[in-house]
Each structure stands twice: as C-alpha cells, then as structure tokens.
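Heads up, this note's numbering is the position in the sequence shown plus 33, with the first residue counted as 1. We put the beta carbon where it would ideally sit given N, CA and C, even for glycine.
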Amino acid sequence: MDVKLSVTSDREVALTDSLLTMSFAWETGPTFVPPKGELWVHVRFVDKSGGLLWETSHVPEPPMLKWRPSQLVQYNRTFYVPPIDAEKTAQVLVVLQDEKAPNVRFVLSAPKGGPDAPWLAPVARLKIRPRPSLLESPSRAKIVLISGFYPVEQQGKLQWRWTGKVAKAKLERLNKRGILFLSGQVNLEHLNTLPTITVSIGGEVRASFSPDRDTGNF
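Next up, the structure:
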C-alpha cells in the first residue's frame, strides 16, 4: 500500500492513568488505491522487549475509503494511558486492519521480522512514568456509590467492580473546578452491537461515547 505515516505526541513523557494526545500524518503516494473495505488503525504500545503495554484502535478521519493519491491526511487522537508499575520506554507500532476481516492486515513497511511480519517498525517512542498517588490528596473529590455497583473483585493487585446497565454515584468535597476522568471496560462477549456509554451530571448529558471495539476499554 502506497502510504507513509508519521506520528508525534503532545509530550515526551506521559504519566500513567492520564490522557495522551498523538498526531497522525498520513501521506499517500501517486499509486495509492483506496481500500475496498473500511480499514481501522490499530495502535500498539510495547516496551523495549516487545511486551504489550496497551493497545487501541480507531478509524482515520476521514475514513481511508475517501483518500486519494498524493494526499496528506492529518488528525489527532487522544488515548488513555493505563496504570503501569514502573517507568518504561514505549514504542508505538501501527498496522491497518480490515474491519470485517481482522486477520487481514496491511503493513506499510516491513520490520526486521521480514516482509510478512504483521507489525510496523516503531513509528514513535515516548517515556511512560507511573502517576503519583492521588488517593489521599485533599484536592481529590470523594466518590460515594449510590446504586448499580456490584462488590469489588480482585485478582492479584488489580481491583475492579462491575456495574449494572445504569449506575449512580455522588461526588463530594468539590471545592473548585476539576476534571472528571472515567476509565473502565464493557464486557462485549454477549453483545451483538457496540454499546454507547452516556455520562449524565445533574440530569444533563455531558458525554456519550463507545468503548474500544476490540477490548471493551474506555
């Protein structure tokens, strides 16, 4: 596929449990032919040894079906950096996948593994550092669970709790303006379509979005 890609991030060091914005610049060559199906951009973050740190997918803006030869397509994407115990140097790998046939992958340039290797050589690198604990910070709002939350489950150091279709909570100790940050996972195993998550505050809808179609993460 006659396409080149460059990726940059809005910072050299990213903290875990926070948001990271990356800029994607795609440049099609003169022989570029738009794909017949919709292609997803699959982004994988790995450490120096190739161990997976996290991954996510998205559709380019505009979709690749609308791209033309000798065109520059640029857009930004914001990713969630999950909790990681130690400082890491993350390598960013990118590959294109067919939405209806996930096993069909389009590699833009072959890494050292050879022309059939499924992943690109790293297109970007960045430092990942554990976020300082804010659990005891007096500036952090207190979350009081009201309804729709199940008991906490734990596996090793990882803790989580499931919710029902609707879950309600109350924020206390709000002394100033702040940012409400939500992260979680939807169990997609028994769902036929990708669900929509709606966040309402005081009866007013403030956000509506879908989880990652591969992992269910948001």
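Contact test: residue i Cβ vs the ligand GTP heavy atom, cutoff 7 Å
| i | result |
| --- | --- |
| K69 | The ligand content of the structure shown is nil, which means the ligand GTP is not present either. |
Where the beta strand (DSSP E) through residue i begins and ends
| i | result |
| --- | --- |
| S82 | Note, S82: premise wrong, no beta strand (DSSP E); not H, not E. |
| D118 | Note, D118: premise wrong, no beta strand (DSSP E); not H, not E. |
| W59 | S51 to T61 |
| E186 | E186 to Q188 |
| R194 | First-last for R194: undefined, no H or E at that position. |
| V219 | Looking at the DSSP string, V219 is not in any beta strand (DSSP E), and its letter there is neither H nor E. |
| R158 | A157 to R162 |
| F182 | K175 to F182 |
| E94 | Careful: E94 lies outside any beta strand (DSSP E) and carries neither H nor E. |
| R239 | E237 to F242 |
| T231 | I230 to I234 |
| K69 | Note, K69: premise wrong, no beta strand (DSSP E); not H, not E. |
| T248 | Taken as a continuous stretch (DSSP letters only), T248 belongs to no beta strand (DSSP E), as it is neither H nor E. |
| S103 | That residue, S103, is in no beta strand (DSSP E); it is neither H nor E in DSSP. |
| T41 | V36 to S42 |
| L48 | V46 to L48 |
Proximity below 8 Å, CB of residue i to CB of residue j
| i | j | result |
| --- | --- | --- |
| T229 | S243 | yes |
| Q255 | G249 | The structure shown does not extend to residue 255, since the chain spans only 34 to 251, so no value can be given for it. |
| S51 | V114 | yes |
| K194 | E205 | The sequence shown places Arg at residue 194, rather than the Lys named in the question. Cβ distance not < 8 Å, so R194 and E205 don't count as in contact. |
| F57 | R101 | no |
| A47 | I234 | no |
| Q130 | W59 | no |
| S90 | R246 | yes |
| P163 | A202 | no |
Expected contact under 8 Å - CB spacing of residue i and residue j to nearest Å
| i | j | result |
| --- | --- | --- |
| T117 | T49 | This sequence places Ile at residue 117; Thr is not what is there. The Cβ separation is near 5 Å, so the contact holds. |
| Y108 | P96 | Going by Cβ atoms, the distance from Y108 to P96 rounds to 11 Å, so no, they are not a contact pair. |
| V156 | L38 | 6 Å |
| V36 | T61 | 5 Å |
query = Is there contact between the segment 75 to 88 and the segment 104 to 124, where contact requires at least three CB pairs shorter than 8 Å?
reply = For the pair of segments examined, the segment 75 to 88 was found to touch the segment 104 to 124: the number of CB pairs separated by less than 8 Å reaches three.
request  = Mind the definition here: the segment 39 to 50 touches the segment 61 to 73 only if three or more C-beta pairs lie below 8 Å; say whether that holds.
outcome  = Verdict: no, contact absent.
ask   = Is the segment 211 to 220 touching the segment 175 to 183, taking contact as three or more C-beta pairs under 8 Å?
value = Output reads no: the segment 175 to 183 does not touch the segment 211 to 220.
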